[in-house]
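Residue numbers (this note's numbering): 3 to 263.
Yeah, the Cβ is synthetic: ideal placement off N, Cα and C, and Gly gets one too.
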């Protein structure tokens with residue numbers, strides 16, 4: 003199915019899924035010092051909610067997981083605030099103009115950091131004479147090296163790359179509402195709770211008393227995976243979440259290639 007919008011079209015029959023599926027195997031990625039997800043049938047005495055066990059007509063599983071540590075997830079500023087804010091209330095639109103860029107984080111001291119200059123350079127390199135109404139609502143960052151092991155990596159205590167505070171400010175000041183990245187966090191793993199990139203992107207100045215200009219409808223999506231064959235440039239993003247009243251939800255971001263005419 004082809005959808006034509008203004009000066010471009012997208013083929014809805016060719017989605018590019020950049021989410022990582024959640025499994026109960028050792029192939030599931032893990033961050034933040036937790037164990038792998040648990041997916042198992044409900045048990046009531048001798049009754050087991052699994053068809054192959056011969057005691058149930060349906061498969062009836064419980065699932066225990068953590069959205070932040072077990073795979074692709076989308077979070078709102080409620081992730082860092084004293085007061086409760088829900089991703090289900092923050093994200094009310096689901097299609098966005100998006101741009102994909104690829105960056106090799108820069109080594110600074112013992113860390114690998116995505117800098118403001120790298121993002122600015124990459125955005126300029128992907129500018130198109132045609133445009134999606136002249137604005138980018140979502141930014142997708144793919145980091146190098148882009149091994150498939152990202153889909154099953156165990157991130158705890160590995161000091162993964164992260165976004166500098168200046169880079170997060172630059173993204174915010176460019177009007178980008180939705181940030182997607184293939185890392186477990188936009189911030190450094192051990193940062194003494196500073197969360198500089200989270201705060202800068204959401205414009206949160208005080209987590210105990212939220213400022214009036216904080217970005218309540220902006221989201222961060224972490225632990226995505228963008229295949230190598232997906233080229234940098236313009237896309238339409240469909241950002242799907244489960245309807246959890248929680249600061250974060252497992253999510254399924256889908257990209258659609260854009261053809262200008």
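Here residue 88 has 78, 80, 246, 247, 248, 249 as same chain residues with Cβ atoms under 8 Å from its own Cβ, once five neighbours each way along the sequence are excluded. The alpha carbon of residue 192 has as its nearest neighbour, out of 211, 158, 167, the alpha carbon of 158. For residue 152, the three-state secondary structure derived from DSSP is helix. Cβ-Cβ distances below 6 Å link residue 165 to 116, 188, 199 in the same chain, with the five nearest sequence neighbours on each side left out; the list follows chain order. A direct Cα-Cα distance of roughly 13 Å separates residue 172 from residue 201. Residue nearest to residue 103 within the set 244, 183, 218 is 183 (criterion: CA-CA distance).
By the neighbour-count criterion, in which 16 or more other beta carbons inside 10 Å mark a residue as buried, residue 224 falls on the buried side.
Straight across, the Cα-Cα distance linking residue 263 with residue 238 is about 15 Å. One Cα belongs to residue 61, the other to residue 28, and the distance between them is close to 22 Å.
Residue 66 is classed as exposed because its beta carbon has fewer than 16 other beta carbons within 10 Å across all chains shown. Using a Cβ distance threshold of 8 Å, residue 141 and residue 106 do not count as a contacting pair. Under the DSSP assignment, residue 38 falls outside any beta strand (DSSP E); it carries neither an H nor an E label.
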